[in-house]
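Have a look at the structure below, then the notes.
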Amino acid sequence: MSLVKHLIHMDETEIRRELNIIELKIEGCNQDECEEIEGRLKELMTEAKSQKMRGLEERISELMRKLEEKEAL
């Protein structure tokens, strides 16, 4: 199953759960992992926008900022 097809079936609870896991991964990610996480966050943002989940958009933006700070170190 492709990632895009999987995203179509995700509800808000599933996305929030994944964001919590991503937040933990950001703390210890190396450059390659950080790039992978960034890609996943972008996919989740697309899904949140398509379903008009404003609260999730804000949460994803917050995690993207955290990731950028981590990469800047």
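Numbering (the working numbering), first residue to last: 4 to 76. Where is the CB? At the ideal position from N, CA and C, for every residue including glycine. All figures in this text were calculated on a predicted structure; none of them were measured in a lab.
Practice task
Taking only the alpha-carbon atoms, compute the straight-line gap between E26 and C32 and give it to the nearest angstrom.
Solution key: 10 Å
Practice task
Could you round the C-beta distance between I29 and K73 to whole angstroms and report it? I think they count as a contact, below 8 Å.
Solution key: 6 Å
Practice task
Check L47 in the structure and name its three-state DSSP category.
Solution key: helix
Handout entry: Residue burial classification, L51 (beta-carbon count within 10 angstroms, cutoff 16)
Key = In the sequence as presented, Leu is not what sits at residue 51; that position holds Ala. It is buried - the Cβ of A51 has at least 16 other Cβ atoms within 10 Å.
Problem - Whole-angstrom C-beta distance between L44 and L66, which should lie under 8 Å - result: 6 Å
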